[in-house]
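Data first, discussion second: the structure below is written as structure tokens.
Protein chains in written order, with our numbering: chain A, 1 to 547; chain B, 1001 to 1320.
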């Protein structure tokens, strides 16, 4: 602003700039929220309408209850099947946990990207050079987030209310809206959690990591609570349990909104408080600005990759071990539930598979998904070396592009294999502690069996990095999320087998409950390797590209 | 005389040995934007060449092509006779590069970064590295995250210089450096020149290029519009005349060869191209009290090339 501005100019400019954070953030959040709200609404509609058409007779619904109604293993994974003989009960069971977790991930990403991410990129410096205080800016961001959550609620709610009016589903508007509240509860809590960790950590990656760890722990506690071990009260100890306790459409319990609201309000207030206490760009937690050199890994690009990803990889390893121990320790109970159905028991007996193994076959899918995320993370990490310009410092030295990308791929593949073995081993330890009678060799093989889908994802990711670098994160995560949605959806209701086949996870046999499909695994690894090779070839022939 | 002898020796040497950099009709376009057009450039062994041009003139594009980070749309480039695109690893063994923007790994410390980059380079002069760390006043235990922009720039300068490469490619290497560090940088380039290292220096700091470089090239809209020694460039361009008058200031704007006439009270400032005679004739008898004439600085040469005509934004979309 020049010195010759007219008297009223500073006032208008000030009023404009004083809400700039809220408006810029709000626009982005609301746009994204409306999109996801539509996805959520459509997902709920598909689940309920497919159920209404697939399970018309009371007999068919009773059979469903018998198979899944008291299955501790399934209940540990996606929540207890409550009143699934009704359209409403089934829809809630199939949708609530899935949408809560999807929404929570959305909340964490958006909560950290727009607070810590913008700050990291230095864009807040420009805004805060004006009249806005840090605390005011954080408050404005929270207001924008609230607008986004309202948009998510309105979009999802309208679609569910409309759905409820159809004769097939037939749900009252009040109930439908309470269901929408339950769906938005998870995203709200984790979005604010992301905003809070953005104040604690110093990079977006760290902030997202911390909030994700919170989500992982919430999920793990909910798993224990829902695995029929008499620890049902634990549900009140986890945000994901609170959402479950809301029991929309079946036995609505508004009391569960109390801890949810409390978490959102307290975390929001803490965010604003901490934002005013620290320097711009700095973290609240201690952050050492110097340290003694650790040169061990820093002899080349492979070591550098390991060194940079060490915190992330340790985090993933910890979650794999935690889930492995958990799944293993509830395998016996889960298996008993599965084999309580005489027809299924016969099938498994013929295959020579114990109840626990039958359960672990289903449960290890979660490990395949975790490794899929690890693979996608490796792809985006490699790409970000290029997009930030850091890669230039390496490639301007005597290091070829093929050598750099090749070594990154080898490191990533090694990490995935190690992750698979760790999954198998920790699950075996968990199962052995419960005397589930599961063999260690079987479990290590089952652990390796979950690796090929992630190798395929890695290969596809490298191909995109080579051919369309700016789309690498979007495409890689799209393949992953699509596969995951297909896998979850196709579990109970019938889905066209062509669609099911597009899921990378579907190509993997459910070891140890089914024999490992070596042909399919080989095909996945070979296709992944070929895609990676094509990606490397394309990477050699193109310009380095920034963001 | 000594300088002349040195230069002719250099000329002879250049003809005998392979040039450090040679490009043949090197071109690059990004979509419809032509960032570099049919560029022919040669940097001899032991020669220090400066590269000037406004933002988006194609300086960074040229450097990124030489490093094999970009793939040429046409023509080719060579580093010591090695193809920039096909023989990158061999070529890079003999060069070091300093980027204009030092985006490094924030969690590594200064000494870790130097170790890593040295390992990837393959050879380092450890004694010289220690001298450089001292000279640039770097705190090696600091994490990159905690460094200022200037300090990060110093870090990548040290990382490049410590390998004692045959060729230094520097893309605005002193952005963010304070005058003291700028001095240290000039000392390093002087040392490199004495050791017979070649340098390609792209810069905005004209005085720096003027002092350091044997030859200077000017890029404009992807075309090398001028290249030569300072002496040759001066010859091509105008010189400045300032005259102060006792009486009325005569109108000089119509005099042949005179341009950019500025009247400041009783004084006139103008540029003269070609013969000075028409101007002298116009001034004669108009009561000149003072007459000053001097060679233009590089800054003025630069403005003469770019000041008048508006330049379109051309260059790498990645910040060329």
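From the three backbone atoms N, C-alpha and C, an ideal C-beta is built for every residue, glycine too.
Predicted model only: the values in this text are computed from it and were never measured.
Looking at the DSSP output, residue 1267(B) sits in a beta bridge with 1244(B), 1264(B).
The shortest CA-to-CA distance from residue 207(A) to any of 433(A), 45(A), 498(A), 119(A) is the one to 119(A).
The three-state reading of DSSP puts residue 1033(B) in strand, counting E and B together. Within the model, the alpha-carbon separation for residue 308(A) versus residue 381(A) is close to 9 Å. When the five nearest sequence neighbours on each side are left out, the beta carbons in the same chain lying within less than 8 Å of the beta carbon of residue 404(A) are those of 301, 391, 394, 395, in order along the chain.
If only complete runs of 4 or more residues are kept, the region 355-430 of chain A shows the alpha helix (DSSP H) at 355-363, 365-387, 390-395, in order along the chain. By alpha-carbon distance to residue 234(A), the top candidate from 296(A), 250(A), 217(A), 117(A) is 217(A). Below the 7 Å Cβ cutoff, chain A contributes 289, 290, 291 as neighbours of residue 1143(B), in chain order.
Rounded to the nearest angstrom, the Cβ distance from residue 367(A) to residue 452(A) is 12 Å, too far for a contact under 8 Å. Identification of chain A residues near residue 1101(B) by a Cβ-Cβ cut-off of 7 Å yields 389, ordered along the chain. Considering only 1195(B), 1150(B), 1273(B), 1180(B), the residue with the shortest C-alpha distance to residue 1294(B) is 1273(B). For the set 1109(B), 1195(B), 1247(B), the Cα lying nearest the Cα of residue 1287(B) is the one of 1247(B).
Residues of the region 1059-1074 of chain B with a Cβ closer than 7 Å to any Cβ of chain A, in chain order: 1067, 1069, 1070, 1071. With contacts defined by Cβ atoms closer than 7 Å, residue 408(A) and residue 540(A) do not form a contacting pair. Counting only Cβ-Cβ distances below 7 Å, residue 1120(B) has contacts in chain A at 300, 394, 397, 399, in chain order.
Neighbours of residue 294(A) across chain B, judged by C-beta separation under 8 Å: 1112. The alpha-carbon separation between residue 1218(B) and residue 1140(B) amounts to approximately 37 Å. Taking residue 1239(B) as reference, the option from 1254(B), 1276(B), 1209(B), 1215(B) with the minimal CA-CA separation is 1276(B).
Among the residues of chain B, those whose CB is under 9 Å from the CB of residue 543(A) are 1028, 1030, 1064, 1069, 1070, 1071, 1316, 1318, following chain order.
Between residue 1244(B) and residue 1290(B) a beta carbon distance of about 4 Å is seen, short of the 8 Å cut, so the two are scored as contacting.
Rounded to the nearest whole angstrom, the C-alpha separation of residue 312(A) and residue 201(A) is 14 Å. Residue 443(A) and residue 224(A) have their alpha carbons spaced roughly 21 Å apart. In the three-state reduction of the DSSP assignment, residue 1200(B) falls in the strand class, which pools E and B.
Within chain B, no residue has its beta carbon less than 8 Å from that of residue 200(A); the closest one is some 16 Å off. Taken in chain order, the members of the region 1080-1091 of chain B whose beta-carbon sits within less than 9 Å of a beta-carbon on chain A are 1088, 1089, 1090, 1091. Exposure of residue 1137(B) is indicated by the presence of fewer than 16 other C-beta atoms within 10 angstroms of its C-beta.
Close partners of residue 1104(B) in chain A (Cβ separation under 8 Å): 390, 393. Restricting attention to alpha helix (DSSP H) runs no shorter than 4 residues, the region 288-334 of chain A encloses them at 301-329, ordered along the chain. Closer than 7 Å to the CB of residue 1037(B) there is not a single CB belonging to chain A. The residue from 454(A), 419(A), 465(A), 327(A) with its alpha-carbon nearest to that of residue 436(A) is 327(A). A distance below 8 Å between beta-carbons, with the five flanking residues on each side excluded, links residue 1077(B) to the following residues of its chain, in chain order: 1021, 1022, 1023, 1024, 1026, 1065, 1066, 1083, 1084, 1085.
Pairwise C-beta distances place the region 182-192 of chain A in contact with the region 87-104 of chain A, as three or more of them are shorter than 8 Å.
Counting along the chain, residue 1273(B) sits inside no beta strand (DSSP E), nor does DSSP assign it H or E at all. Residue-level contact check: residue 1146(B) touches chain A, since one or more beta carbons of chain A fall below 7 Å from its beta carbon. Two segments are said to touch when three or more pairs of C-beta atoms, one from each, lie closer than 8 Å; by this definition the region 51-68 of chain A does not touch the region 349-366 of chain A.
Annotated as distal: residue 464(A) and residue 454(A), with beta-carbon spacing of 7 Å or more.
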